[in-house]
Each structure stands twice: as structure tokens, then as C-alpha cells.
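Chemist: As numbered in my numbering, residues 5 to 172 make up the sequence shown, in order. Where a beta carbon is used, it is the ideal one built from N, C-alpha and C, also for glycine. This is the structure I have questions about; it appears just below.
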Amino acid sequence: MKLALICAMSENRVIGRDNGLPWHLPADLQYFKSTTMGNCMIMGRNTWESIGRALPGRSSIVITSKSGYQAEGAELVDSLEQAVALAQTISKSTGSEEAFVIGGAILYQAALPLADSIHLTRVHAVVEGDTYLAEFDEANWKEVSRQDFQRDESNSYDYSICVLERTV
């Protein structure tokens, strides 16, 4: 099983504001849905709470240290290592080949050294936010695909969906 990060980030590295997304990009949400469908999603508790429910067609693994926490429709673990091990077990039984880390910022930073690829939506704007993607050395990654999109009546910013694969 391969491990991937999937994330949208502004030019100033913002990935969130008030436990949500600081932009409206339905086409990017559709990309997220089609890319993660049939696979495991690994997320932190705040990301789970921002989504508010289990997403259909995908297995949800929530990392939390909060004892007694309930997340209907999700598997709960207390570490990234446990989440990856559980994703491997689920992937073997379902035949999926990839698991996706979907946030938040602390989890992205912890999972980056383990990731084989990053599905990175680059939002071409500087936006206000309270959650940021940590810097990473892009020299260790090769862009293997890129789709550029223009702002339109449905999508509030220009953006590019890039897939980066680890080179080292």
C-alpha cells in the first residue's frame, strides 16, 4: 500500500481557517472525492469534526488522544503508526492500493516522511487563515502531473492540481 497526502494550500501555505477551508473550489472537492474513493482516509480529530460525518465509499481512520471519543462510521486509533497499520490491513481486504492522509497540519507534518506522493492543490492566492502546511523540501519531490484551472462562477480562485512523487 502506498501512502499519499492530499491537501489544498494557498500561496502563503494556508490550508484552513476556523476548522474549515478558506475557499470555495467545488472542482477541487470533486477531485478529492474521485481520488480518495475506495481508499482509506487517515485524519486527525479536528479534520473529522470539520467534515462532520463519514464520507461514503471510503474507510475513515481518525487519530485522537481523547479517551472515550466517539466517531460514528470511523475507526479510532491513537497514533499515526497505528493508523498506517490499520490502513494496510483494510487495504489488503479491500484491494485498494493507496491510503490518503487528509489533515490536519500536524498530521501532514508527521506523515510527510512516510508519504510516497502528495496530491497538492495550489490555490493561486494569498488568503487569511489559521492553519498552515509546514515547509517541505520540494527538491525531494517530482511533479508528475499538473492540471491548471481558472477562476469561474463556481470556483473562487485560480488553482492547479499537482501530483508530486517522492524522488529520495
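If you follow the alpha helix (DSSP H) that residue 152 is part of, which residue opens it and which one closes it?
Modeler: As a position in the sequence shown, residue 152 is number 148, starting the count at 1. Note, residue 152: premise wrong, no alpha helix (DSSP H); beta strand (DSSP E) at 145-153.
Chemist: Please work out which residues of its chain come closer than 6 Å, Cβ to Cβ, to residue 158, disregarding the five sequence neighbours upstream and downstream, and give them in chain order.
Modeler: For this step, residue 158 is matched to residue 154 along the sequence shown. Closer than 6 Å at Cβ, skipping near neighbours: 30.
Chemist: Roughly how many whole angstroms lie between the Cα atoms of residue 51 and residue 107?
Modeler: Reading the sequence shown from its first residue, position 47 is the one you call residue 51. Reading the sequence shown from its first residue, position 103 is the one you call residue 107. Near 6 Å, if we compare the C-alpha coordinates of residue 107 and residue 51.
Chemist: Could you tell me which of 26, 114, 111, 58 sits nearest to residue 37, measuring between CA atoms?
Modeler: The residue given as residue 37 occupies position 33 in the sequence shown. Ranking 26, 114, 111, 58 by Cα distance to residue 37 puts 58 first.
Chemist: Can the beta-carbon of residue 104 be found less than 8 Å from the beta-carbon of residue 23?
Modeler: Within the sequence shown, residue 104 is the residue found at index 100, counting from 1. Within the sequence shown, residue 23 is the residue found at index 19, counting from 1. Cβ distance not < 8 Å, so residue 104 and residue 23 don't count as in contact.
Chemist: Could you check whether the segment 132-144 touches the segment 11-27, counting it as contact only if at least three pairs of C-beta atoms, one from each stretch, sit closer than 8 Å?
Modeler: Result yes; three or more Cβ-Cβ pairs closer than 8 Å.
Chemist: Report the partner residues of residue 164 according to the DSSP bridge assignment.
Modeler: Locating residue 164 in the sequence shown gives position 160, where the first residue counts as 1. According to DSSP, residue 164 bridges with 126, 152.
Chemist: Can you check which of these residues, 171, 166, 152, is closest to residue 143 by C-alpha distance?
Modeler: By 1-based counting over the sequence shown, the position of residue 143 is 139. Ranking 171, 166, 152 by Cα distance to residue 143 puts 171 first.
Chemist: Which residue's Cα is closest to the Cα of residue 149: 121, 167, 33?
Modeler: Within the sequence shown, residue 149 is the residue found at index 145, counting from 1. The option with the nearest alpha carbon to residue 149 is 167.
Chemist: For the beta strand (DSSP E) containing residue 79, name the first residue and the last one.
Modeler: In the sequence shown, counting from the first residue as 1, residue 79 sits at position 75. Note, residue 79: beta strand (DSSP E), 78-81.
Chemist: Which class does residue 66 belong to by DSSP, given the choice of helix, strand or coil?
Modeler: What you label residue 66 is simply residue 62 of the sequence shown in a count that begins at 1. Correct three-state label for residue 66: strand.
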